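Below is one structure, written out as structure tokens, with a few remarks after it.
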Amino acid sequence: MKKIILISIFLLISKCSSQYGVIKEVKDDFKNSSALTLEIYTNTENTAKGAKTLFLNFTKSFDSNSAGVIKCSISAKTLVGGPQRFSSSIFLKIDNKKINIKLTANKIAATELLELSIRSGEFILTNELQNDILNASSMSVRFYSNEIAYDAYYSDSDLNIIKELIKRKPII
Numbered sequence: 004m005k006k007i008i009l010i011s012i013f014l015l016i017s018k019c020s021s022q023y024g025v026i027k028e029v030k031d032d033f034k035n036s037s038a039l040t041l042e043i044y045t046n047t048e049n050t051a052k053g054a055k056t057l058f059l060n061f062t063k064s065f066d067s068n069s070a071g072v073i074k075c076s077i078s079a080k081t082l083v084g085g086p087q088r089f090s091s092s093i094f095l096k097i098d099n100k101k102i103n104i105k106l107t108a109n110k111i112a113a114t115e116l117l118e119l120s121i122r123s124g125e126f127i128l129t130n131e132l133q134n135d136i137l138n139a140s141s142m143s144v145r146f147y148s149n150e151i152a153y154d155a156y157y158s159d160s161d162l163n164i165i166k167e168l169i170k171r172k173p174i175i
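Counting in our numbering, the final residue of the sequence shown is number 175, and the numbers go up one at a time with none missing.
Written out as structure tokens, the structure reads:
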């Protein structure tokens with residue numbers, strides 16, 4: 004019984020102190036700019052070939068003259084299986100709308116675990132895409148590594164925190 008209580012307390016504390024799903028603000032007084040960051044993740048469906056988790060890292064950058072640009076870095080931990088980057092594009096499914104998004108900075112990085120590597124890419128959230136997300140009730144991502152498709156479904160709370168990031172203005 005004591006072990007169950009201790010494990011429960013540990014899980015509660017680790018969940019509460021998680022860096023994921025929290026909007027953070029970074030201010031740079033030298034450049035007179037601010038950035039809002041948000042990192043979320045989900046496990047993928049169809050985990051063939053070892054893909055486990057898809058991370059989305061949003062950065063909304065502002066300076067004194069801009070309304071804010073949102074860049075999204077996408078990465079997945081996968082089993083090492085040769086040079087299989089993400090394909091050149093991913094698909095965002097926002098409600099029933101499927102949006103093909105071209106990735107930039109598509110690369111593979113090694114990890115401290117020899118059997119894992121990290122595939123990553125980046126894209127900009129256009130104003131149209133931001134509006135689609137703000138009006139959405141569901142969101143998922145389909146990405147490809149080689150010819151294998153992986154689907155990642157984001158929770159309502161993840162979608163709500165992304166919406167909050169899109170709406171939020173930093174203190175400059």
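Here a beta-carbon is modelled for each residue, glycine too, at the ideal position from N, C-alpha and C. Note that this is a predicted model, so its numbers are computed, not measured.
Just to confirm my understanding: we take residue i, look at its own chain, exclude 5 residues before and 5 after, and list those with CB closer than 8 Å. What are they?
i     : result
Gln22 : Glu42
Excluding the 5 residues preceding and the 5 following residue i in the sequence, name in chain order all residues of the same chain whose CB lies nearer than 7 Å to its CB.
i      : result
Ala51  : Below a pLDDT of 50, predicted positions are generally treated as unreliable, and Ala51, at 49, falls in that range; no measurement from the model is reported.
Leu128 : Ile73 and Cys75
Looking at residue i: is its Cβ nearer than 8 Å to the Cβ of residue j?
i      : j      : result
Ser90  : Asn103 : no
Tyr156 : Ser140 : no
Ile136 : Ile164 : no
Gly71  : Asp161 : no
Leu39  : Arg171 : yes
Can you look up residue i in the DSSP assignment and give me helix, strand or coil?
i      : result
Asp135 : helix
Glu28  : strand
Leu106 : coil
Lys34  : coil
Ser78  : strand
Tyr23  : coil
Ser91  : coil
Asn99  : coil
My assumption, with CB atoms under 8 Å, is that residue i sits in contact with residue j. Please give the rounded CB distance.
i      : j     : result
Glu167 : Ile77 : 19 Å between Cβ atoms; not a contact.
Ile36  : Phe65 : Reading off the sequence, residue 36 comes out as Ser, not Ile. Indeed they touch by this definition, with Cβ atoms about 6 Å apart.
Phe146 : Cys75 : Rounded, the Cβ-Cβ distance is 12 Å, inconsistent with contact.
Lys105 : Phe94 : With 8 Å as the limit, Lys105 and Phe94 do not qualify as a contact, their Cβ atoms being about 11 Å apart.
Apart from the five residues on each side of it in sequence, which residues of its chain come closer than 6 Å, Cβ to Cβ, to residue i?
i      : result
Asp31  : none
Thr107 : Glu125
Val29  : Ala38
Length at least 4, wholly inside the stretch 123–172: the alpha helix (DSSP H) runs in chain order: Taking only runs of at least 4 residues, the alpha helix (DSSP H) segments lying wholly in the stretch 123–172 are 130–137 and 159–170.
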